[in-house]
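Q:
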Amino acid sequence: MVKLNWNGKNESKKEFLKNHISFPFQIIETHQTSRKKSNNLKLMEKRENLLIWGDNKLIMSSLLADYAGKIRLIYIDPPFATGGDFNFKILIGENNNSIDELAYNDKWKKGLDYYLNFIYNRLILMKELLAKNGSIYIHIDWHIK
Numbered sequence: 543m544v545k546l547n548w549n550g551k552n553e554s555k556k557e558f559l560k561n562h563i564s565f566p567f568q569i570i571e572t573h574q575t576s577r578k579k580s581n582n583l584k585l586m587e588k589r590e591n592l593l594i595w596g597d598n599k600l601i602m603s604s605l606l607a608d609y610a611g612k613i614r615l616i617y618i619d620p621p622f623a624t625g626g627d628f629n630f631k632i633l634i635g636e637n638n639n640s641i642d643e644l645a646y647n648d649k650w651k652k653g654l655d656y657y658l659n660f661i662y663n664r665l666i667l668m669k670e671l672l673a674k675n676g677s678i679y680i681h682i683d684w685h686i687k
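Using my numbering, you'd call the opening residue of the sequence shown number 543 and step up by one each time.
(1) Do the region 659-671 and the region 549-561 make contact, defined as three or more Cβ pairs closer than 8 Å?
(2) Measure the C-alpha to C-alpha separation of Asp-655 and Leu-546 and round it to an integer number of angstroms.
(3) Can you have a look at Ala-623 and say buried or exposed, based on whether 16 or more other CB atoms are within 10 angstroms of its CB?
(4) So Asp-619 and His-681 are supposed to be a Cβ contact under 8 Å. How far apart are they, rounded?
(5) For Gly-679, count the other beta carbons within 10 Å of its own beta carbon; 16 or more makes it buried, fewer makes it exposed. Which is it?
(6) In the DSSP assignment, the beta strand (DSSP E) including Asp-627 goes from what residue to what residue?
(7) Leaving out five residues before and five after Lys-652 in sequence, what residues of the same chain have Cβ atoms less than 8 Å from its Cβ?
(8) Report the three-state DSSP secondary structure of Lys-551 (helix, strand or coil).
(9) Taking Asn-629 as the reference, give the member of Tyr-617, Leu-644, Lys-555 with the closest Cα.
(10) Is it true that the CB of Lys-649 sits closer than 8 Å to the CB of Asp-642?
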């Protein structure tokens with residue numbers, strides 16, 4: 543069996559497991575349902591086909607109490623550790639003027655060990671949330687720097 547080890551792996555897991563944070567959810571948007579006819583609490587009670595926007599570590603921690611062992615599909619698109627900065631363009635006015643704004647920084651100044659702990663902590667949460675017949679899909683590639 544292949545075993546992956548890196549500096550800080552064991553300490554990171556111990557610290558992570560004792561410091562779970564949980565936040566309440568707020569429904570911002572619904573589709574295929576009239577807001578006037580629906581009760582937001584009933585939507586959350588259905589517990590299916592939810593798209594949740596936020597920091598995946600905090601979201602997964604918040605889901606543990608109600609969803610542990612119940613989620614059949616988990617998809618994440620974490621940073622790739624490419625060493626680059628990624629921007630998005632904001633168009634201003636009618637003259638096609640624009641501003642480049644930093645979307646996210648994909649530089650891991652503390653090194654590969656820090657990046658691996660970042661991914662590992664999320665995989666721990668995913669494992670706890672995943673149903674026995676569930677699948678995890680991670681969008682990542684080999685361009686780690």
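Ideal placement from N, C-alpha and C gives every residue a C-beta, glycine not left out. Fair warning: this is a prediction, and the values are worked out from it, not measured in the lab.
A: Once the coordinates are examined:
(1) Under the three-pair Cβ rule at 8 Å, the region 659-671 counts as touching the region 549-561.
(2) Straight through space, the alpha carbons of Leu-546 and Asp-655 are spaced by roughly 11 Å.
(3) Flag for Ala-623 reads buried.
(4) Cβ atoms of Asp-619 and His-681 come within 8 Å of each other, at about 4 Å.
(5) It should be pointed out that residue 679 corresponds to Tyr in this sequence rather than to Gly. Exposed, since its Cβ has fewer than 16 Cβ neighbours within 10 Å.
(6) Per DSSP, the unbroken beta strand (DSSP E) holding Asp-627 starts and ends at 627-634.
(7) Leaving aside the five residues that flank Lys-652 on each side, none in its chain has a CB nearer than 8 Å to its CB.
(8) Of the three classes helix, strand and coil, the one that applies to Lys-551 here is helix, per DSSP.
(9) Here the closest residue by C-alpha is Leu-644.
(10) Pairing Asp-642 with Lys-649 gives a Cβ-Cβ distance that is not under 8 Å.
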